[in-house]
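Visitor: Quick mapping for you: the protein sequence lines, in order, are chains P and G.
Here my numbering is used: the first residue of the first sequence is 1, the next is one more, and so on.
Here my numbering is used: the first residue of the second sequence is 1001, the next is one more, and so on.
All residues carry an ideal CB built from backbone N, CA and C; glycine is no exception.
Fair warning: this is a prediction, and the values are worked out from it, not measured in the lab.
Sending over a structure as structure tokens; questions will come in a sec.
2 protein chains.
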Amino acid sequence: MPYIDAFNHFFPKPFFDRLCETPAGQKDMGKRVRGIPALYDLDIRNQIVDSFGKHDYSQVLCLGMPAIDRLFEPKDAPEMTRIGNDGLAEICAKDPPRYPGWAASLAMNVPEAAVAEVERATKMGANAIQLHTNVDGAPLDEDRFWPIFEAIEKSGKPILMHPIRTREMADYRNEDKSKYEICSVIGWPFETGAALARLVFSGIIDKHPGLKIITHHLGGIIPYFQGRVGHSWDQLGARTSDEDYGAILKRLKKRPYDYFKDFYGDTALAGARGPTLCGLDFFGADHVLFASDCPFDPEKGTMYIRLTIEVIESLGLSPADKEKICFRNAEKLFGLKAR
Amino acid sequence: MPYIDAFNHFFPKPFFDRLCETPAGQKDMGKRVRGIPALYDLDIRNQIVDSFGKHDYSQVLCLGMPAIDRLFEPKDAPEMTRIGNDGLAEICAKDPPRYPGWAASLAMNVPEAAVAEVERATKMGANAIQLHTNVDGAPLDEDRFWPIFEAIEKSGKPILMHPIRTREMADYRNEDKSKYEICSVIGWPFETGAALARLVFSGIIDKHPGLKIITHHLGGIIPYFQGRVGHSWDQLGARTSDEDYGAILKRLKKRPYDYFKDFYGDTALAGARGPTLCGLDFFGADHVLFASDCPFDPEKGTMYIRLTIEVIESLGLSPADKEKICFRNAEKLFGLKAR
């Protein structure tokens, strides 16, 4: 059974070198990144991919965290984006068996450059567009971002949606906002849900029904709270004193819950079986893609691939459903062929 | 099969009358509360309970949202707490078949009063203590709250942990923080996870291992993200540049993941079956209690009871596990008898 890993991270050398030169990059490139060689060393990454050869395993690559628009000012972000995307395209062009596809990043803090990059990357063969759940703290439904969603819909490419902490998102207090890493461990999945809600209730999805959004971590908080997503948002406005949200429900083309069911999710849940069943039950086999989040695991690259394959193999899926999750949905959405 | 509903909300008349007189109460007592008569009208509430008579259904009562310490200044909060707790005690004393137990609220913004109320309420027969996940924005692990956890452990009563939005918890930006009700629908379950993490990593659980914490909404975000809770927090500090969290891992008496497994969860997931299976798989049948979150559903009191009973009946549980979830865990933790 071929496994296409839909969502994992790599910094191509030209991008990583430039990143390490900048103050922004240096601040964040400490132990977090340097301690994970598979994030920037292609030989090490190749070894990891090859170690899963018996599974015909391959990876769709995208850049690592943080988002370019968090690291770089508008004057630098578009250029860094092109360097990153060119680097990913080159790796994939040279080695399609290991790396059959890549997702382009965008300089969301320069929306007109982001629109242009969607078009340039698509022409270069990008298989997806990676977006983060907010743009340096700003929600994705701000007016300035709408043309980007229009361009992505036009490109026909799916969005790989990655969470990132908002600047204001405190676990409790602003001076203490990353206490115990609460925000990255469990705040990110909330962020994913919040971003999806913004796309739904703002009307972006209604305006661009062709968008296909693949959420990292199997939908974030949404599938486990599908009951609240359904029944609480059916009552949008009923518990709010100072805003009239009833008009939003009337404007939407379908029930809020149904928009969330129409998103896609990847299996990057750090090898947890029960949650994978829960998310699969929510999205259905046509809307779930295998992914590992390589190389962000305690073994620095191999552990989540291995555990996630074990989970998939343990689910007792029908052959047809298993093929969809392991590679057919990826082939279809990304427009590529498994090895 | 008797069903004890472990977590649902009611305002006794003396408390509700006082609440409605105050500016704080009036602000929040608009359509949100007035539109749900079963939240404050005992006759209507009795009818709802009786409508599930064939299930030998009964309710453990606690006050509704928001928390007293969000609604009242320190000068008023302790008195309002006593009025609320006296009201719940009276309802239960008069009608044990319908209301076999109650959870005491605390004025957390007056910690010494909270300690005294734990003792007073326990003497009055309180079956649990209801805490919210933050105190008007302050995390539960601030020094001033530690004596309260000591008093609760001493009382032997379990904590019913309810989420509440932090003042600073923006879904994106502070000026826009309740946009689309994102915070109450999916931010609350994140809050639950954040509060649990604070209790674990601060050392409160190690200091008071007798605490039994029953989380609303089946653990909030924790069970679906058990993979991250495990493997990401095993690496606490590895991705943080400016703080040394390694010392916390060394200080803890067990693996972070194991603390989270030791909490309890209730089944208040708005009638969603897949997530209930996921949460039950995480906590185990000894640590899950039936609860509905009555009366906060689109039917204003009946819907989540009915749907949640349907979910439990559909799970194919062993008779022993079903009894634990439906009433035996509640009997044991709360110290009461099912009808």
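Name the residue from P:ARG306, P:SER314, P:ASP321 whose alpha carbon lies nearest to the alpha carbon of ASP50 (chain P).
Guide: The residue you call residue 50 (chain P) lines up with position 50 of the first sequence. With distances taken between CA atoms, ASP50 (chain P) lies nearest to P:ARG306 out of P:ARG306, P:SER314, P:ASP321.
Visitor: Would a check of beta-carbon distances place GLY64 (chain P) closer than 8 Å to chain G?
Guide: Residue numbering aside, residue 64 (chain P) sits at position 64 when the first sequence is read from its first letter. False, the Cβ-Cβ gap to chain G never drops below 8 Å.
Visitor: Spatial neighbours of ILE1248 (chain G) within its chain, please: CB distance less than 8 Å, with the 5 preceding and 5 following residues excluded, ordered by chain position.
Guide: Sequence index remark: in the second sequence, residue 1248 (chain G) carries index 248 (1-based). Around ILE1248 (chain G): PHE1201, LEU1236, GLY1237.
Visitor: Residues of chain G with a CB under 8 Å from the CB of PRO275 (chain P): which are they?
Guide: Here residue 275 (chain P) corresponds to residue number 275 of the first sequence, with the count starting at 1. Those are PRO1223, TYR1224, PHE1225, GLN1226, GLY1227, CYS1278, listed as they occur along chain G.
Visitor: From the DSSP output, in three-state form, read off VAL1033 (chain G) for me.
Guide: Locating residue 1033 (chain G) in the second sequence gives position 33, counting from the first residue. It is helical.
Visitor: Ignoring anything shorter than 3 residues or poking outside the segment 1137-1207 of chain G, list the beta strand (DSSP E) runs there in chain order.
Guide: 1159-1162
Visitor: For a contact meaning CB atoms closer than 7 Å, what does ASP1258 (chain G) contact in chain P?
Guide: Along the second sequence, read from residue 1 onward, the residue named residue 1258 (chain G) stands at position 258. Simply none; closest approach about 15 Å.
Visitor: Looking at PHE11 (chain P): is its Cβ nearer than 8 Å to the Cβ of LEU71 (chain P)?
Guide: Counting from 1 along the first sequence, the entry for residue 11 (chain P) is found at position 11. Counting from 1 along the first sequence, the entry for residue 71 (chain P) is found at position 71. Not a contact, by the Cβ cut-off of 8 Å.
Visitor: Bridge partners of ALA103 (chain P), per DSSP?
Guide: Locating residue 103 (chain P) in the first sequence gives position 103, where the first residue counts as 1. Under DSSP, the beta-bridge partners assigned to ALA103 (chain P) are P:ALA128.
Visitor: Closer than 8 Å is the cut-off here; do at least three beta carbon pairs connect the segment 1314-1323 of chain G with the segment 1251-1264 of chain G?
Guide: no
Visitor: Grab me the residues of PHE282 (chain P)'s own chain with a C-beta within less than 6 Å of its C-beta, minus the 5 sequence neighbours each way, in chain order.
Guide: Locating residue 282 (chain P) in the first sequence gives position 282, where the first residue counts as 1. Correct list, in chain order: PRO223, GLN226.
Visitor: Residue range of the alpha helix (DSSP H) that ILE1048 (chain G) falls in?
Guide: In the second sequence, residue 1048 (chain G) corresponds to position 48, counting from 1. That run of the alpha helix (DSSP H) goes 1042-1051.
Visitor: State the DSSP-derived secondary structure class of THR1133 (chain G), mapped to helix, strand or coil.
Guide: Locating residue 1133 (chain G) in the second sequence gives position 133, counting from the first residue. Three-state result, THR1133 (chain G): coil.
Visitor: Note the first and the last residue of the continuous alpha helix (DSSP H) segment covering ILE222 (chain P).
Guide: Here residue 222 (chain P) refers to the residue found at position 222 when the first sequence is read from its first residue. That residue, ILE222 (chain P), is in no alpha helix (DSSP H); it is neither H nor E in DSSP.
Visitor: For ILE1048 (chain G), which option in G:CYS1020, G:TRP1233, G:TYR1304, G:ALA1103 has the closest C-alpha, if you only look at C-alpha atoms?
Guide: The count along the second sequence starts at 1 and reaches residue 1048 (chain G) at position 48. Looking at the Cα atoms, G:TYR1304 is the closest of the given residues.
Visitor: How would you write the range of the alpha helix (DSSP H) that ILE4 (chain P) sits in, first residue to last?
Guide: Position 4 of the first sequence, counted from the start, is the residue given in the question as residue 4 (chain P). Counting along the chain, no alpha helix (DSSP H) covers ILE4 (chain P); the unbroken beta strand (DSSP E) around it starts and ends at 3-9.
Visitor: Between ALA38 (chain P) and GLY301 (chain P), how many whole angstroms is the CB-CB distance? I'm expecting something under 8 Å.
Guide: Sequence index remark: in the first sequence, residue 38 (chain P) carries index 38 (1-based). Sequence index remark: in the first sequence, residue 301 (chain P) carries index 301 (1-based). With 8 Å as the limit, ALA38 (chain P) and GLY301 (chain P) qualify as a contact, their Cβ atoms being about 4 Å apart.
Visitor: For TYR57 (chain P) and PRO1100 (chain G), I'd like the C-alpha separation in whole angstroms.
Guide: Taking the first residue of the first sequence as position 1, residue 57 (chain P) is located at position 57. Taking the first residue of the second sequence as position 1, residue 1100 (chain G) is located at position 100. Inter-residue distance for TYR57 (chain P) and PRO1100 (chain G) is about 57 Å (C-alpha atoms, whole angstroms).
Visitor: Which term fits ASP1297 (chain G), buried or exposed, when burial requires 16 or more other beta carbons within 10 angstroms of its beta carbon?
Guide: Here residue 1297 (chain G) refers to the residue found at position 297 when the second sequence is read from its first residue. When all chains shown are included, ASP1297 (chain G) counts as buried.
Visitor: With 8 Å set as the bound, which would you pick, yes or no: does the beta-carbon of PHE1201 (chain G) sit closer than that to a beta-carbon of chain P?
Guide: As a working mapping, residue 1201 (chain G) is identified with position 201 in the second sequence. So yes, PHE1201 (chain G) belongs to the interface.
Visitor: DSSP three-state label for SER1318 (chain G), please.
Guide: Start at 1 with the first residue of the second sequence, and residue 1318 (chain G) comes out as number 318. SER1318 (chain G) falls in the coil class under three-state DSSP.
Visitor: I think VAL135 (chain P) touches MET108 (chain P), with their Cβ atoms under 8 Å apart; what is that distance to the nearest whole Å?
Guide: Numbered from 1 along the first sequence, position 135 holds the residue referred to as residue 135 (chain P). Numbered from 1 along the first sequence, position 108 holds the residue referred to as residue 108 (chain P). Right, the Cβ-Cβ distance comes to about 4 Å (below 8 Å), so this counts as a contact.
Visitor: Does any C-beta atom of chain C lie closer than 8 Å to the C-beta of PHE1011 (chain G)?
Guide: As a matter of chain content, chain C is missing from the structure shown, whose protein chains are P and G.
Visitor: For the beta strand (DSSP E) holding ASP266 (chain P), just list the boundary residues, first then last.
Guide: Locating residue 266 (chain P) in the first sequence gives position 266, where the first residue counts as 1. Looking at the DSSP string, the run of the beta strand (DSSP E) that includes ASP266 (chain P) is 264-266.
Visitor: Hey, quick one: how far does the alpha helix (DSSP H) through ILE1068 (chain G) stretch, first residue to last?
Guide: Residue mapping note: residue 1068 (chain G) aligns to position 68 of the second sequence, counting from 1. Here the alpha helix (DSSP H) through ILE1068 (chain G) covers 1068-1071.
Visitor: Considering only the beta carbon of each residue, do GLY1193 (chain G) and ILE186 (chain P) sit closer than 8 Å?
Guide: Residue 1193 (chain G) sits at position 193 when you count from the first residue of the second sequence. Residue 186 (chain P) sits at position 186 when you count from the first residue of the first sequence. Yes, these two residues count as a Cβ contact at 8 Å.
Visitor: Under three-state DSSP, which class holds TYR57 (chain P)?
Guide: Against the first sequence, residue 57 (chain P) aligns to sequence position 57. Of the three classes helix, strand and coil, the one that applies to TYR57 (chain P) here is strand, per DSSP.
Visitor: Is it buried or exposed for ARG34 (chain P), if we count other Cβ within 10 angstroms and need 16 for buried?
Guide: Translated into the one-based positions of the first sequence, residue 34 (chain P) becomes position 34. The residue is exposed, with fewer than 16 neighbouring Cβ atoms inside 10 Å.
Visitor: Under a three-way DSSP split, which group does LEU1063 (chain G) fall into?
Guide: As a working note, residue 1063 (chain G) is residue 63 in the second sequence. Reduced to three states, the DSSP call for LEU1063 (chain G) is coil.
Visitor: Taking the beta carbon of ALA1093 (chain G) as the centre, do at least 16 other beta carbons fall within 10 Å, making it buried, or is it exposed?
Guide: Here residue 1093 (chain G) refers to the residue found at position 93 of the second sequence. ALA1093 (chain G) counts as exposed, since fewer than 16 other beta carbons sit within 10 angstroms of its beta carbon.
Visitor: For VAL288 (chain P), list the residues DSSP reports as bridge partners.
Guide: Residue 288 (chain P) sits at position 288 when you count from the first residue of the first sequence. Its beta-bridge partners are P:GLY265.
Visitor: For GLY335 (chain P), I'd like the list of residues in its chain whose CB is within less than 7 Å of its CB, leaving aside the five on either flank, ordered along the chain.
Guide: Stepping through the first sequence from its first residue, residue 335 (chain P) is reached at position 335. Excluding sequence neighbours, GLY335 (chain P) sits near ASN127.
Visitor: Could you confirm whether any beta carbon from chain G is found closer than 8 Å to the beta carbon of ILE213 (chain P)?
Guide: Here residue 213 (chain P) corresponds to residue number 213 of the first sequence, with the count starting at 1. Proximity of ILE213 (chain P) to chain G, defined by a Cβ-Cβ separation below 8 Å, is not satisfied.
Visitor: Does any residue of chain G bring its CB to less than 8 Å from the CB of ILE186 (chain P)?
Guide: Counting from 1 along the first sequence, the entry for residue 186 (chain P) is found at position 186. Yes, its Cβ sits closer than 8 Å to a Cβ of chain G.
Visitor: Mind pulling the chain P residues with CB within less than 9 Å of TRP1233 (chain G)?
Guide: Numbered from 1 along the second sequence, position 233 holds the residue referred to as residue 1233 (chain G). Going along chain P in sequence order, the residues near TRP1233 (chain G) (Cβ under 9 Å) are TYR180, GLU181, VAL185.
Visitor: Return the first residue and the last residue of the alpha helix (DSSP H) that ILE1325 (chain G) is part of.
Guide: The residue you call residue 1325 (chain G) lines up with position 325 of the second sequence. In the DSSP annotation of this structure, ILE1325 (chain G) is not part of any alpha helix (DSSP H), being labelled neither H nor E.
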